[in-house]
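Residue numbers (my numbering): 1 to 233.
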């Protein structure tokens, strides 16, 4: 690979590790909205070893068989931009990704990248120098990963925001937590809230465990579980 240098870039060893938000699970449909990638593309990238979700169920027909982390979503947006906007070939993205995953857990979400022509440039993990498939001196474009991260986080937060009519309501869906009753707008089972209650947790401590819930959600779930247990007695 050709060497690219930039005097304004600090050595790899001097870079501060960027903190990512706490892990959140996203389904394939949510990832499609956040990345603009279709289910067909996501499946093809998985089959051809371009990118694989953090968790993939081996049973192909099971609902929600792919579960993506926030790092996965940032990685997919990075790959989508490199592929769609900068026309980097998929084989090159696969090769670079496979090389970098020897050194990083989620390189497409952790590192900065540049584009030289239609080739991706990155810091070599051993030397800290920019390397690319193009000849020395090839002009390249700065790739703002921070902007991708910020935009992804903002849109993910909006995607996860609960509607006002979800508050204090329980719902059930056959593809969500094995058809259990959950607090609307979340995947928190009412039975899990009851288990905390049985363990001696008061409402405030339950809310600390589930910060997306409200006091009304917790009380509604406890009333629901209390009625179920009374009916089964």
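Beta carbons: idealized from backbone N, C-alpha and C, even for Gly. Here the structure is a predicted model, which is why all the values come from computation and not from measurement.
Considering just the uninterrupted stretch of the alpha helix (DSSP H) at residue i, what are its terminal residues?
i	result
residue 191	190 to 198
residue 41	39 to 47
residue 28	28 to 35
residue 178	Element bounds for residue 178: n/a, residue is neither H nor E.
residue 203	203 to 209
Roughly how many angstroms lie between the CA atoms of residue i and residue j, to the nearest whole one?
i	j	result
residue 75	residue 169	34 Å
residue 253	residue 53	The displayed coordinates of the chain run from 1 to 233. Any statement about residue 253 would go beyond what the structure contains.
residue 278	residue 145	The structure shown does not extend to residue 278, since the chain is modelled only from 1 to 233, so the question has no answer here.
residue 23	residue 153	Only weak support is given to the placement of residue 23: the predicted model assigns it a pLDDT of 46, under 50, and the value that follows is read from those uncertain coordinates. Distance between the alpha carbons of residue 23 and residue 153: 12 Å.
residue 207	residue 201	10 Å
residue 25	residue 86	29 Å
residue 160	residue 31	12 Å
residue 175	residue 79	29 Å
residue 215	residue 99	48 Å
residue 128	residue 211	41 Å
residue 46	residue 83	15 Å
residue 227	residue 43	43 Å
residue 232	residue 162	32 Å
residue 194	residue 186	16 Å
residue 136	residue 36	With a pLDDT of only 38 at residue 136, under 50, the local geometry of the prediction cannot be trusted, and the value read off the model is given with reservation. Taking the straight line from one Cα to the other gives about 34 Å.
residue 143	residue 158	25 Å
residue 165	residue 205	24 Å
residue 125	residue 173	46 Å
residue 69	residue 229	35 Å
residue 21	residue 118	With a pLDDT of only 48 at residue 21, under 50, the local geometry of the prediction cannot be trusted, and the value read off the model is given with reservation. Each residue's alpha carbon lies about 31 Å from the other.
residue 213	residue 130	46 Å
residue 178	residue 104	34 Å
residue 199	residue 34	38 Å
residue 92	residue 41	16 Å
Could you please give the first and the last residue of the uninterrupted beta strand (DSSP E) stretch that includes residue i?
i	result
residue 226	Here residue 226 belongs to no beta strand (DSSP E); instead the alpha helix (DSSP H) covers 215 to 232.
residue 172	170 to 172
residue 182	181 to 183
I believe residue i touches residue j by the beta-carbon criterion, under 8 Å. Please report the beta-carbon distance rounded to the nearest angstrom.
i	j	result
residue 27	residue 81	Not a contact, Cβ separation roughly 22 Å.
residue 171	residue 188	Rounded, the Cβ-Cβ distance is 11 Å, inconsistent with contact.
residue 97	residue 50	7 Å
residue 156	residue 73	6 Å
residue 225	residue 180	Wrong, their Cβ atoms sit about 11 Å apart, outside the cutoff.
residue 106	residue 71	4 Å
residue 123	residue 111	7 Å
Just to confirm my understanding: we take residue i, look at its own chain, exclude 5 residues before and 5 after, and list those with CB closer than 8 Å. What are they?
i	result
residue 48	90 and 94
residue 151	77
residue 209	196 and 201
Who are the near neighbours of residue i in its chain, counting only those whose CB is closer than 7 Å to its CB and skipping five residues on each side?
i	result
residue 217	167, 168 and 183
residue 39	28 and 32
Please list, in chain order, all residues of the same chain as residue i whose beta carbon is under 6 Å from its beta carbon, the five residues on each side excluded.
i	result
residue 197	222
residue 220	168
residue 56	66
residue 203	215 and 218
(message) Runs of 4 residues minimum, wholly inside the region 60 to 92: which ones carry the alpha helix (DSSP H) assignment?
(response) Under the rule that a run must span 4 or more residues, the alpha helix (DSSP H) segments found entirely inside the region 60 to 92 read 70 to 84.
(request) Please go through the region 99 to 169 and give each complete beta strand (DSSP E) segment of 3 or more residues, from N-terminal end onward. (result) 113 to 116, 119 to 123, 130 to 132 and 140 to 143
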